[in-house]
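J.: Numbering (the numbering used here), first residue to last: 2 to 60. Beta carbons: idealized from backbone N, C-alpha and C, even for Gly. Below you'll find the structure I mean.
Structure, rendered in structure tokens:
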């Protein structure tokens, strides 16, 4: 998450939250196209992490 903090420094909380939700959506979209279940599950888990972090940053 440290990389994310650097990536989003200086941006508003709502902007960061929306970016994280967008990343979660991208992870889910890619997960739907991957045949390897382990990789798909890892992407879905990452999407959940992005959503949780977005929730902590507000809407």
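Taking a contact to mean a Cβ-Cβ separation below 8 Å, would you say residue 22 touches residue 55 in this structure?
T.: Looking up residue 22 in the chain shown gives position 21. Looking up residue 55 in the chain shown gives position 54. Yes. Within cutoff.
J.: Can you tell me whether residue 16 is helix, strand or coil according to DSSP?
T.: Within the chain shown, residue 16 is the residue found at index 15, counting from 1. In this structure, residue 16 counts as helix in the three-state DSSP scheme.
J.: Jot down the residue ranges of each uninterrupted beta strand (DSSP E) in the region 19-52, minimum 3 residues, whole runs only, in chain order.
T.: None, since the region 19-52 contains no complete beta strand (DSSP E) of that length.
J.: Hey, how far is the Cα of residue 17 from the Cα of residue 34?
T.: In the chain shown, counting from the first residue as 1, residue 17 sits at position 16. In the chain shown, counting from the first residue as 1, residue 34 sits at position 33. So the alpha carbons of these two residues sit roughly 26 Å apart.
J.: Are the beta-carbon atoms belonging to residue 20 and residue 59 less than 8 Å from one another?
T.: Within the chain shown, numbered from 1, the residue matching residue 20 stands at position 19. Within the chain shown, numbered from 1, the residue matching residue 59 stands at position 58. No, the pair does not count as a contact, with Cβ atoms beyond the cut-off.
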